[in-house]
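> First the structure, which I've put down as structure tokens, then a few questions once you've had a look.
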Amino acid sequence: MDTTHCAVDGWVDAIPVPGPRDTVSFDLVVRPADIDALDDDAPDTIVTCTSGDPRIIHELLNGIQPGDLLRATGTLVQPPAPGESARLTVDALEVLDTALVPVLREMVLDRYGDYIVIFDADREQVPVFTAYGAWVGLADNPDAITHLIDIHERVNGGDA
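For the sequence shown, our numbering assigns the number -19 to the initial residue and increments by one for each residue that follows.
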């Protein structure tokens, strides 16, 4: 196998996950420095990273989120077959830039007797469930919730 000690800069693709035998794994999306010279539909390069270093594991599981730009240094193993991801065993990690903190919009659960509704600031429609989690329907707006519940109770004989 062809191995190289190198540093790779890339964005974290998904939340890092614990692996077997006290390791952690994550994928980095790597783009070449001359990205303007590539076709618009050229695929990104994905480098699968693992580490067994307790300090790196702690940082990845507690301080890293998707979208963070990292420099991962370690031993790169070329993919065994074309189209597969290269693998990097990380022995040093540096956070170059953090992703924007997501702004959570207001979402509220409310109870209407035996029913639960979800108010979302981004949507006019309101999902309605029974208190046991069964789907009732989607009210067109908050004023239509009681109408939807009345229909559900008539159809189901008052069983929520």
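Beta carbons: idealized from backbone N, C-alpha and C, even for Gly.
What you are looking at is a predicted structure, and each value in this text was computed from that prediction instead of being measured.
For Asp(-11) and Ala52, what's the separation of their Cα atoms in angstroms?
By one-based count along the sequence shown, residue -11 stands at place 9. By one-based count along the sequence shown, residue 52 stands at place 72. Spanning the two alpha carbons is a distance of roughly 6 Å.
> Would you mind sorting Ser4 into buried or exposed? The rule is 16 or more other CB atoms within 10 Å of its CB.
Numbered from its first residue, the sequence shown carries residue 4 at position 24. Note that residue 4 is Val in the sequence shown, not Ser. The residue in question, Val4, is buried, as its Cβ has 16 or more Cβ neighbours within 10 Å.
> Per DSSP, what are the beta-bridge partners of Glu64 in this structure?
For the purposes of this step, residue 64 is taken as the residue at position 84 of the sequence shown. Its beta-bridge partners do not exist; DSSP assigns none.
> What residue range does the beta strand (DSSP E) around Thr78 cover?
Position 98 of the sequence shown, counting from 1, holds the residue named residue 78. Here Thr78 belongs to no beta strand (DSSP E), and DSSP marks it neither H nor E.
> Using a Cβ-Cβ cut-off of 8 Å, state whether His38 counts as contacting chain D.
Structure shown: chain D not included; a single protein chain is present.
> Sort Glu86, Asn42, Cys29 and Trp115 by Cα distance to Pro59 and report the nearest one.
The residue you call residue 59 lines up with position 79 of the sequence shown. Here the closest residue by C-alpha is Cys29.
> At the level of alpha carbons, what is the spacing between Thr25 and Trp115?
Mapped onto the sequence shown, residue 25 falls at position 45. Mapped onto the sequence shown, residue 115 falls at position 135. Between Thr25 and Trp115, the C-alpha separation is close to 41 Å.
> Counting beta carbon pairs with one atom in the segment 60 to 76 and one in the segment 93 to 104, are three or more of them shorter than 8 Å?
These segments do not touch.
> Could you give the distance in angstroms between the alpha-carbon of Leu89 and the alpha-carbon of Pro(-4)?
Residue numbering aside, residue 89 sits at position 109 when the sequence shown is read from its first letter. Residue numbering aside, residue -4 sits at position 16 when the sequence shown is read from its first letter. Cα to Cα, the separation comes out at about 30 Å.
> Short of 6 Å in beta carbon distance, which residues of its chain neighbour Pro(-2), apart from the five on each side in sequence? Order them along the chain.
Within the sequence shown, residue -2 is the residue found at index 18, counting from 1. Once the five neighbours on either side are set aside, the close Cβ partners of Pro(-2) are Val4.
> Quick one, are the C-beta atoms of Thr(-17) and Val57 less than 8 Å apart?
For the purposes of this step, residue -17 is taken as residue 3 along the sequence shown, with counting starting at 1. For the purposes of this step, residue 57 is taken as residue 77 along the sequence shown, with counting starting at 1. Taking 8 Å as the Cβ cut-off, Thr(-17) and Val57 qualify as a contacting pair.
> CB-CB under 6 Å to Pro122, same chain, minus the five flanking residues each way: which ones, in chain order?
Position 142 of the sequence shown, counted from the first residue, corresponds to residue 122. Here the set comprises Val106.
> Report the partner residues of Tyr92 according to the DSSP bridge assignment.
For the purposes of this step, residue 92 is identified with residue 112 of the sequence shown, where counting begins at 1. For Tyr92, which the question treats as bridged, DSSP gives the partners Tyr95.
> Can you tell me which of Pro46, Asp33, Gly43 and Ile44 puts its alpha carbon nearest to the alpha carbon of Gly54?
On the sequence shown, residue 54 is found 74 positions in, with the first residue counted as 1. Out of Pro46, Asp33, Gly43 and Ile44, Asp33 has the C-alpha closest to the C-alpha of Gly54.
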